[in-house]
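Input: a single structure, listed below in structure tokens.
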Amino acid sequence: MKKYSLIFTALLIIVFNACREDGLLDEIDDETEEIIDLSDYADWTEATHSNIAEPDYSVVFNQNKVLRFDIEINSSDWSTMQSDLQDILGSSGGGGPQGGGAPADLGDTNPMWIPCSFNFNGKQWYNVGIRYKGNSSLRSAQSGNNKLSLKLDFDEFEDDYPALKNQRFYGFKQLNLNNNYNDASLMREKVGADLFREFGLISAQTTFCTVYINNGSGSQYFGVYALVEEVDDTVLDTQLGDDSGNLYKPDGTAASFASGSYKESEMEKKNNEELADYSDVKSLYDVVNSSTRTSDVTQWKSDLEEVLNVDGFLKWLAANIVIQNWDTYGRMTHNYYLYNNPENDLLTWIPWDNNEALQYGKQGGALSLSLNEVGSGWPLISYLIADSEYKEIYEAYMRQFVDEVFVPSKMIEKYEKYYLLLKDYAYAEESGYTFIKNNSQFDEAVQTLKSHVQQRNDAVFGHLN
Numbered sequence: 097m098k099k100y101s102l103i104f105t106a107l108l109i110i111v112f113n114a115c116r117e118d119g120l121l122d123e124i125d126d127e128t129e130e131i132i133d134l135s136d137y138a139d140w141t142e143a144t145h146s147n148i149a150e151p152d153y154s155v156v157f158n159q160n161k162v163l164r165f166d167i168e169i170n171s172s173d174w175s176t177m178q179s180d181l182q183d184i185l186g187s188s189g190g191g192g193p194q195g196g197g198a199p200a201d202l203g204d205t206n207p208m209w210i211p212c213s214f215n216f217n218g219k220q221w222y223n224v225g226i227r228y229k230g231n232s233s234l235r236s237a238q239s240g241n242n243k244l245s246l247k248l249d250f251d252e253f254e255d256d257y258p259a260l261k262n263q264r265f266y267g268f269k270q271l272n273l274n275n276n277y278n279d280a281s282l283m284r285e286k287v288g289a290d291l292f293r294e295f296g297l298i299s300a301q302t303t304f305c306t307v308y309i310n311n312g313s314g315s316q317y318f319g320v321y322a323l324v325e326e327v328d329d330t331v332l333d334t335q336l337g338d339d340s341g342n343l344y345k346p347d348g349t350a351a352s353f354a355s356g357s358y359k360e361s362e363m364e365k366k367n368n369e370e371l372a373d374y375s376d377v378k379s380l381y382d383v384v385n386s387s388t389r390t391s392d393v394t395q396w397k398s399d400l401e402e403v404l405n406v407d408g409f410l411k412w413l414a415a416n417i418v419i420q421n422w423d424t425y426g427r428m429t430h431n432y433y434l435y436n437n438p439e440n441d442l443l444t445w446i447p448w449d450n451n452e453a454l455q456y457g458k459q460g461g462a463l464s465l466s467l468n469e470v471g472s473g474w475p476l477i478s479y480l481i482a483d484s485e486y487k488e489i490y491e492a493y494m495r496q497f498v499d500e501v502f503v504p505s506k507m508i509e510k511y512e513k514y515y516l517l518l519k520d521y522a523y524a525e526e527s528g529y530t531f532i533k534n535n536s537q538f539d540e541a542v543q544t545l546k547s548h549v550q551q552r553n554d555a556v557f558g559h560l561n
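Every number in the numbering used here is 96 more than the matching position in the sequence shown, counting from 1.
This is the structure:
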């Protein structure tokens, strides 16, 4: 009798797994707890690996320590990953400016996903998807720098491994490992994102981490990274309470919203792709460039405020101009998201990619506080600031930002805390896996950040008074 019971149990397991592979249990998985065969996945727990658990920010974005991630990649997969990157770099041509002054990008094709073993705090996550990410920073590979940005997707390979369906990392599906490109302080990506969020804007959570990769030749230290939350994974739900609205990541000439620039293909949808409804961003383009801006400004502003969260945009603009950031709207046609917030049906501006913020000049420098030099090629700035009411709101937000958030004493204390937290890890970065020439460069870069905050406060008060 016992023998038949064991056979029956085995048959049930086979049928169950077959149903999972065919997607017949998807609805059940969404509404009930995952049933996982732990024989091959001994570290799997509901709190750490399942999609039932809520995102655990206290663990994943711990603000008081530098996290350590150990990644293991099969040597043949690693070789394939490098070949794929070289193919992309080779096919994209050289650098140089394109629309909006942005450097030549790597095309529409993302680097390929490969599986890896992801290890943290003594636990393993299985067959996690990993790929390179970024644009101009990926070109550092051509000069022999292996410290490249990475994207993680914890259930990218669930079709190949059905028992891993909806695998999560403490509630997170995707995460970004940003390499602090050309930032000797290792802090600008994190500090920039945190400043926006502290000012009441939507912005990804961040923390510091170190990355070690074993590609078959032993564990190699890849240096200090910024761990950055994915906007279309958890940011919208946790900060706005609803992620069902259209989310766009504009990139290319159309991202300027200048007259004659609109292209649906450059308004990349990050969700709701099947609906193919771009009417909200098209409405913004149409309103911004409408003739009513000059013939009936009151009507133009009313129409604009029905499609764009104008107050939120001006608030972001004020903070972004104060901290200085050349690689952003007004200088470059990328590095932001637009989200149609279901709560008010308004497109909300979400900043992204802050490693070039908090510095004086580069690529011609950041925009001035007055914004007088910004022309019609950047209408979301020039047309709004030309209106006296909007300009007054913008300047009020500048003052609020330096009074409450970008305060020298508070920022210097923050920089010093991060310096002590990162110092040993920064000094340990190795040639071929770093953007820091020597230990002194790291020290000096942090001192520059401390000087920068005071100088920017002085500049704002001088501008407004």
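Glycine included, every Cβ here is placed at the ideal spot set by N, Cα and C. For clarity, every value in this text was computed on a predicted model and none was experimentally measured.
Status (buried if at least 16 other CB within 10 Å, exposed otherwise) for residue i
i, result
"residue 141", "exposed"
"residue 304", "buried"
"residue 123", "Confidence in residue 123 is poor, its pLDDT being 39 and thus under 50, which makes the residue's placement too unreliable to answer from."
"residue 414", "buried"
"residue 193", "The pLDDT assigned to residue 193 is 29, lower than 50, so where the model puts this residue is not dependable; a value taken from the coordinates is nonetheless given after this. Residue 193 should be labelled exposed."
"residue 285", "buried"
"residue 312", "exposed"
"residue 233", "buried"
"residue 150", "exposed"
"residue 400", "buried"
"residue 182", "exposed"
"residue 321", "buried"
"residue 130", "For residue 130, the predicted model reports a pLDDT of 46, less than 50, meaning its position is unreliable; a value from the coordinates is still stated below. Residue 130 should be labelled buried."
"residue 524", "exposed"
"residue 558", "exposed"
"residue 351", "buried"
"residue 550", "exposed"
"residue 302", "buried"
"residue 126", "Low confidence applies here, because residue 126 scores a pLDDT of 43, under 50, leaving its location unreliable; read the following figure in that light. Per the 10 Å Cβ criterion, exposed."
"residue 196", "Bear in mind that a pLDDT of 40 at residue 196, under 50, signals an unreliable position, so the model cannot answer this."
Of the listed residues the options, nearest to residue i (C-alpha basis)
i, options, result
"residue 481", "519, 409 and 449", "409"
"residue 274", "300, 254 and 293", "300"
"residue 319", "402, 155 and 518", "518"
"residue 475", "520, 394 and 349", "349"
"residue 339", "329, 345 and 377", "329"
"residue 472", "366, 425 and 452", "425"
"residue 215", "238, 163 and 172", "163"
"residue 456", "423, 430, 435 and 478", "423"
"residue 239", "550, 246, 185 and 316", "185"
"residue 180", "228, 439 and 483", "228"
"residue 86", "548, 533 and 500", "Since the first residue of the chain shown is 97 and the last is 561, residue 86 is not available in this structure."
"residue 165", "156, 172 and 280", "156"
"residue 144", "173, 170 and 218", "218"
"residue 554", "498, 362 and 507", "498"
"residue 489", "521, 407, 501 and 540", "407"
"residue 445", "207, 416 and 357", "416"
Residue range of the unbroken alpha helix (DSSP H) whose run includes residue i
i, result
"residue 495", "484–500"
"residue 321", "Careful: residue 321 lies outside any alpha helix (DSSP H), inside the beta strand (DSSP E) at 315–325."
"residue 285", "284–294"
"residue 560", "535–560"
"residue 260", "Here residue 260 belongs to no alpha helix (DSSP H), and DSSP marks it neither H nor E."
"residue 512", "504–523"
"residue 235", "Residue 235 -> no alpha helix (DSSP H), and no H or E assigned at all."
"residue 378", "375–384"
"residue 480", "475–481"
"residue 145", "142–145"
"residue 390", "388–391"
Residue(s) in a DSSP beta bridge with residue i
i, result
"residue 443", "404 and 436"
"residue 213", "168"
"residue 365", "344"
"residue 307", "165 and 319"
"residue 273", "246 and 323"
"residue 268", "265"
"residue 453", "421"
Residue i: first and last residue of the uninterrupted beta strand (DSSP E) it sits in
i, result
"residue 249", "246–249"
"residue 220", "219–228"
"residue 344", "343–346"
"residue 155", "Where residue 155 is concerned, there is no enclosing beta strand (DSSP E), although the alpha helix (DSSP H) it sits in stretches over 153–156."
"residue 298", "It is not in any beta strand (DSSP E) - residue 298 carries neither H nor E in the DSSP assignment."
"residue 335", "Looking at the DSSP string, residue 335 is not in any beta strand (DSSP E); the run it does join, the alpha helix (DSSP H), is 332–336."
Whether residue i touches residue j by CB criterion (9 Å)
i, j, result
"residue 577", "residue 288", "For residue 577 there is no data in the structure shown, the boundaries of the chain being 97 and 561."
"residue 261", "residue 254", "yes"
"residue 462", "residue 421", "yes"
"residue 225", "residue 250", "yes"
"residue 90", "residue 283", "Beyond the ends of the chain as shown, which are 97 and 561, falls residue 90; an answer cannot be given."
"residue 51", "residue 418", "Given a span of 97 to 561 for the chain in the structure shown, any question on residue 51 remains unanswerable."
"residue 341", "residue 437", "yes"
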